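S.K.:
Numbering (the numbering used here), first residue to last: 2 to 150.
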């Protein structure tokens, strides 16, 4: 789906998280980043994925990773999702789908025989220099941490 490839510079962006803080790739230069895109907060698969990352968050920190979740949900919905599930990492409210488009994870999906446009569950692992080191397009929500490391 995405046209980005391993070895490409990760496109930078400026978008607000659930608290209204501006987040970008460039502010984390020198750290590894797990930038994960998910379809919709508080849905079963997205909750399982977020909780898997939450449960392994300390391990990710020890490995030098920053975790950023991105969806097209607004900040209010993301704050509720974060609070309900005790998520320790920022969730980015990309309501205008600028980051989603930039990373090429928006497009046609099929569900129950119907085609619609939506966010493809995709994770980009970005190295300390801001270069994409891995792209996970077949995310296993229950084993996402293991896929990353």
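Every residue gets a Cβ at the ideal spot worked out from N, C-alpha and C, and that includes glycine. A quick note: this is a predicted structure, and the numbers were derived from the prediction, not measured.
(1) Taking the beta carbon of residue 35 as the centre, do at least 16 other beta carbons fall within 10 Å, making it buried, or is it exposed?
(2) Could you work out which residue in 83, 94, 32, 18 is closest to residue 134 when comparing CA atoms only?
(3) Mind checking who residue 35 pairs with in its DSSP beta bridge?
(4) Does the region 63-82 come within contact of the region 94-102, defined as at least 3 CB pairs closer than 8 Å?
(5) With DSSP collapsed to three states, give me the class of residue 108.
(6) Since residue 1 is in the alpha helix (DSSP H), which residue starts that stretch and which ends it?
(7) Assuming residue 60 is part of the alpha helix (DSSP H), what are its boundary residues?
(8) Candidates 150, 43, 132: which alpha carbon is nearest residue 85's?
M.R.: Looking at the coordinates:
(1) buried
(2) 32
(3) 68, 126
(4) yes
(5) strand
(6) This structure leaves residue 1 out entirely; the chain is present only between 2 and 150.
(7) 58-63
(8) Checked all of 150, 43, 132; the closest Cα to residue 85 is 43.
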